[in-house]
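Numbering (this note's numbering), first residue to last: 23 to 212.
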């Protein structure tokens, strides 16, 4: 990796059906984008993303796990490796291939990312939202082409069939519309 070209990237993704009104996942995503944009100097800091996601009320099954992976690969395969880790963490038992392709496409613009934050809000089921945040940090390994990838995963679920949760989500995020079409926002139709 070129030590002078440190690239940090972030991508927000909402998965859900087509709808005439904004999905709750889109409203939450829009609020998170706005919150993270408040401080441009920290908007790609993984801890800032984790704190923002943990502020979403009424979470169920919240969990954070960390792991370090050592990979040896050609430099050009780094976006694919990062996309694979993100897609596997967010797949929820579905095929992760459909999610990996757009992530690779997005990361390929950055060449050699040294850090990547990926948040997906999956509202494929209208009664719940699954949130998955993956924060990746890439460092050079001892040998050429050897990389150490540290990943932190945060997962949570929001049960929208719970009236109190639905009311809280509407009260907190109801004023937000879907995110604007930005290069860091991806909408996938389920």
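All C-beta atoms, glycine included, are put in the ideal place defined by N, C-alpha and C.
If you check the beta carbons only, do residue 104 and residue 129 fall under 8 Å apart? Looking up residue 104 in the chain shown gives position 82. Looking up residue 129 in the chain shown gives position 107. Yes; because the gap between Cβ atoms is below 8 Å, this pair is in contact.
Is it right to say residue 187 is buried, meaning 16 or more other beta carbons lie within 10 angstroms of its own, or is it exposed? Taking the chain shown and counting its residues from 1, the one referred to as residue 187 is at position 165. Result: buried.
Who does residue 144 pair with in a DSSP beta bridge? In the chain shown, counting from the first residue as 1, residue 144 sits at position 122. Answer is 37, 152, bridged to residue 144.
Could you give the first and the last residue of the continuous beta strand (DSSP E) run that contains residue 173? Taking the first residue of the chain shown as 1, we reach residue 173 at position 151. Run containing residue 173: 168-181, per the beta strand (DSSP E) assignment.
Using 8 Å as the Cβ pair cut-off and three pairs as the minimum, do the segment 178-192 and the segment 144-153 touch? yes
Quick one: give me the first and last residue of the beta strand (DSSP E) that residue 206 is part of. Translated into the one-based positions of the chain shown, residue 206 becomes position 184. Element bounds for residue 206: n/a, residue is neither H nor E.
Local Cβ density within 10 Å of residue 48, reported as buried at 16 or more and exposed below that: Translated into the one-based positions of the chain shown, residue 48 becomes position 26. The residue is buried, with at least 16 neighbouring Cβ atoms inside 10 Å.
Are the beta-carbon atoms of residue 109 and residue 86 separated by less than 8 Å? Your numbering for residue 109 matches position 87 in the chain shown. Your numbering for residue 86 matches position 64 in the chain shown. Cβ atoms of residue 109 and residue 86: not closer than 8 Å.
List the residues that DSSP assigns as beta-bridge partners of residue 137. Counting from one through the chain shown, the residue named residue 137 turns up at place 115. 30, 159.
Kindly identify the DSSP beta-bridge partner or partners of residue 91. Along the chain shown, read from residue 1 onward, the residue named residue 91 stands at position 69. BP columns for residue 91 point to 171.
For residue 75 versus residue 51, is the C-beta spacing smaller than 8 Å? In the chain shown, the residue the question calls residue 75 occupies position 53. In the chain shown, the residue the question calls residue 51 occupies position 29. Taking 8 Å as the Cβ cut-off, residue 75 and residue 51 do not qualify as a contacting pair.
State the DSSP-derived secondary structure class of residue 25, mapped to helix, strand or coil. Position 3 of the chain shown, counted from the start, is the residue given in the question as residue 25. Its pLDDT being 44, under 50, residue 25 is placed unreliably by the model, and nothing is read from it.
If you follow the alpha helix (DSSP H) that residue 189 is part of, which residue opens it and which one closes it? In the chain shown, counting from the first residue as 1, residue 189 sits at position 167. It spans 185-195 - the alpha helix (DSSP H) in which residue 189 sits, taken as one unbroken run.
Within its chain, find whatever has a CB closer than 6 Å to the CB of residue 25; leave out the 5 residues flanking it on each side and keep chain order. Position 3 of the chain shown, counted from the start, is the residue given in the question as residue 25. Because residue 25 sits at a pLDDT of 44, beneath the cut-off of 50, its placement in the model cannot be relied upon, and the point is left open.
Rounded to a whole number of angstroms, what is the C-alpha to C-alpha distance between residue 198 and residue 100? Looking up residue 198 in the chain shown gives position 176. Looking up residue 100 in the chain shown gives position 78. Between residue 198 and residue 100, the C-alpha separation is close to 35 Å.
8 Å contact criterion, which residue 173 and residue 59 should meet: CB distance rounded: Translated into positions along the chain shown, residue 173 becomes position 151. Translated into positions along the chain shown, residue 59 becomes position 37. Not really, about 24 Å apart at Cβ, beyond 8 Å.
8 Å CB neighbourhood of residue 136 in its chain, flanking five on each side removed: Translated into the one-based positions of the chain shown, residue 136 becomes position 114. Result list for residue 136: 23, 28, 29, 30, 159, 160, 161, in chain order.
Going by DSSP in three states, residue 2 sits in which element: helix, strand or coil? Any answer about residue 2 is impossible in this case: the structure gives the chain only from 23 up to 212.
Proximal residues to residue 212 (C-beta, below 6 Å), its chain only, five neighbours per side dropped: The sequence position of residue 212 within the chain shown is 190, counting from 1. The answer, listed in chain order, is 37, 38, 39, 146.
Is residue 68 closer than 8 Å to residue 157 when the C-beta atoms are compared? By one-based count along the chain shown, residue 157 stands at place 135. By one-based count along the chain shown, residue 68 stands at place 46. Yes. Within cutoff.
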